[in-house]
Amino acid sequence: MRMRREPPIQIKSPAQLERMREAGLVVARALRAAVSAVGPGVTTAELDAIAEREIRAAGAVPSFKGYHGFPATICTSVNDEIVHGIPSPDRRLAAGDLISIDCGAIAAGWHGDAAVTVGVGAIDAETARLIEACETALWHGLALARPGNRLTDISRAIEASARSSGPYGVVQEYTGHGIGTQMHMYPPVPNYGKPGRGPVLADGMTLAIEPMLVLGQRHARVLDDGWTVVSADGTSSAHFEHTVAITADGPWVLTAEDGGRAGLARLPGGLAAGQPAGPVSSAARSSG
Ligand code: MG
Ligand code: MG
C-alpha cells in the first residue's frame, strides 16, 4: 500500500517523443558548438553567445534564459564550480581549467537538457580521471532507464560507478529530474542511494539524469550571486547530463546525437541483448 501520494509522471506518446528528440538534438548541437569553442583565452560569455545563436538558428528557445531570473543560455561552471555558473565576459578560460557547460532548449513546446565537462587545453591526469568518472557514472545510470526498473536503480548505478572510479564526492544537494513540457518535472532523480525504490519506470517517461562529482568532499555551497554552486572544499568538480526516454526498445538518449548508442555500448557488457538505443527516428535522420 502506498503511504504517500505521488504526483503522476508525464507519459509521452511515440509521436511526442519524436518531438522531444528534436529538442534534444538542438541541445546536443548547441553544446557541441560551445564545446568546440572552448580553449585558453575564451570567455564564458563567448561560449554563451555561441550556444544561444545555435539554439535560435534552429527555431528553438533557450530554456535557462529568464528561468527564475537566470541571465544566460548556458551555465558555465569552471573548476570548483559544480553547477549554475553564470557566463561572463570577465571569466576567461586558462589552460588546465575544466569547464562544465549545461544547456537547455525548448523546441515546439518540448524540453531538452544536457551537460558536458571538458578540459581547457592540457589538463592534469587527476582532472581527466574526474571527468571520465563522471561521464561513466552518467552512462551507468542511463543504461538502467528501462521499463520495469525502479527509479533509484538509476541512482544506485550512478553512485556505484562513481565510487568504483575513485574516492570522489557524489553531490547530493542537486538531482536530476523528470522533463517534458517543462524543464523540471516530477520525479527528482538522486545520484545516490539504495536501489529498488521510487516509481516503476514505464515506456514514455523521460528523465534528465545528471551526476555531479567532486574531486574532494561532496559538500556544496552557493556563492553570493545566488546561483553559482561551488564545492565547499574548493576542489574541482565535473557534471554530465543527458535527457533520456524510457522505451520498450531500451534507453533512447534524446540529447546524444547518436541516440546514446556509442555511450551505452562502451559499458561493460554493452547494450543488453544488443538492443538498439531507442527507436530509429526518421525525424532524427532527416535533421542530420
Ligand atoms: Mg541541465
Ligand atoms: Mg537538468
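For the sequence shown, this note's numbering begins at 1 and goes up steadily by one. Just so it is clear, CB atoms sit at the ideal spot from N, CA and C, and this is done for glycine as well.
Exercise. Comparing the CB of histidine 177 with every heavy atom of ligand 2, is any distance shorter than 7 Å?
Worked result: yes
Problem set entry | Pairwise C-alpha distance: glutamine 182 and proline 89 | 30 Å
Problem set entry | Cutoff 8 Å; reference arginine 5; Cβ partners in own chain excluding five residues on either side | none
Exercise. If we count the other Cβ atoms within 10 Å of its Cβ and call it buried at 16 or more, is glutamate 22 buried or exposed?
Worked result: buried
For this session: Under 7 Å Cβ to Cβ from threonine 235, same chain only, skipping five residues before and after it: list those, please.
Result: Asp80, Val214, Leu215 and Gly216
For this session: Look up tyrosine 186 in the DSSP assignment and say whether it is helix, strand or coil.
Result: strand
Exercise. What separation, rounded to the nearest whole angstrom, lies between the Cα atoms of aspartate 224 and valine 171?
Worked result: 20 Å
Problem set entry | Distance, proline 40 Cα to glycine 259 Cα | 31 Å
Exercise. Which full runs of the beta strand (DSSP E) of 3+ residues lie inside the region 81 to 148, going along the chain?
Worked result: 81 to 83, 98 to 107 and 110 to 119
Exercise. Where isoleucine 158 and glycine 141 are concerned, what is the direct C-alpha to C-alpha distance, given to the nearest angstrom?
Worked result: 5 Å
Exercise. How many Å lie between leucine 267 and tryptophan 139 at the Cα?
Worked result: 7 Å
Problem set entry | CA-to-CA distance, alanine 95 to alanine 273, given in whole angstroms | With a pLDDT of 39 at alanine 273, under the threshold of 50, the modelled position of this residue cannot be trusted; read the value that follows with caution. Approximately 42 Å between the Cα atoms of the pair.
For this session: Report the rounded CA-to-CA distance for proline 8 versus leucine 93, giving the unit in angstroms.
Result: 43 Å
Exercise. Using the C-alpha atoms, what's the distance from alanine 220 back to phenylalanine 64?
Worked result: 21 Å
Problem set entry | Contacts around glycine 119, its chain only, beta-carbon distance under 6 Å, and the 5 residues preceding and following it disregarded | Leu98
Exercise. Aspartate 293 and proline 195: beta carbons closer than 8 Å?
Worked result: Shown here, the chain extends from 1 to 288; a query on residue 293 therefore has no answer.
Problem set entry | Residue interval of the beta strand (DSSP E) (run including glycine 250) | 250 to 253
Problem set entry | For serine 36, the residue or residues it bridges with in DSSP | Serine 36 is not bridged to any residue.
Problem set entry | Beta-carbon spacing of arginine 146, arginine 197 below 8 Å | no
For this session: For proline 276, I'd like the list of residues in its chain whose CB is within less than 7 Å of its CB, leaving aside the five on either flank, ordered along the chain.
Result: Confidence at proline 276 is low in this model, with a pLDDT of 48, below 50, so its placement is unreliable and the value that follows should be read with caution. These residues qualify, in order along the chain: Asp249 and Gly250.
For this session: Determine the extent of the alpha helix (DSSP H) in which threonine 44 is found, giving its start and end residues.
Result: 44 to 57
Problem set entry | Nearest candidate by alpha-carbon position, reference arginine 218, set Val200, Ile82, Glu132 and Ala115 | Ile82
Exercise. Got a sec: does ligand 2 put a non-hydrogen atom nearer than 7 Å to the Cβ of glutamate 241?
Worked result: yes
For this session: Please indicate yes or no: does the CB of aspartate 113 lie closer than 7 Å to some heavy atom of ligand 2?
Result: yes
Exercise. Is the Cβ-Cβ distance between glycine 176 and glutamate 135 less than 8 Å?
Worked result: no
Problem set entry | Pairwise C-alpha distance: proline 14 and arginine 86 | Reading off the sequence shown, one finds isoleucine at residue 86, where the question assumed arginine. Taking the straight line joining both Cα atoms gives about 36 Å.
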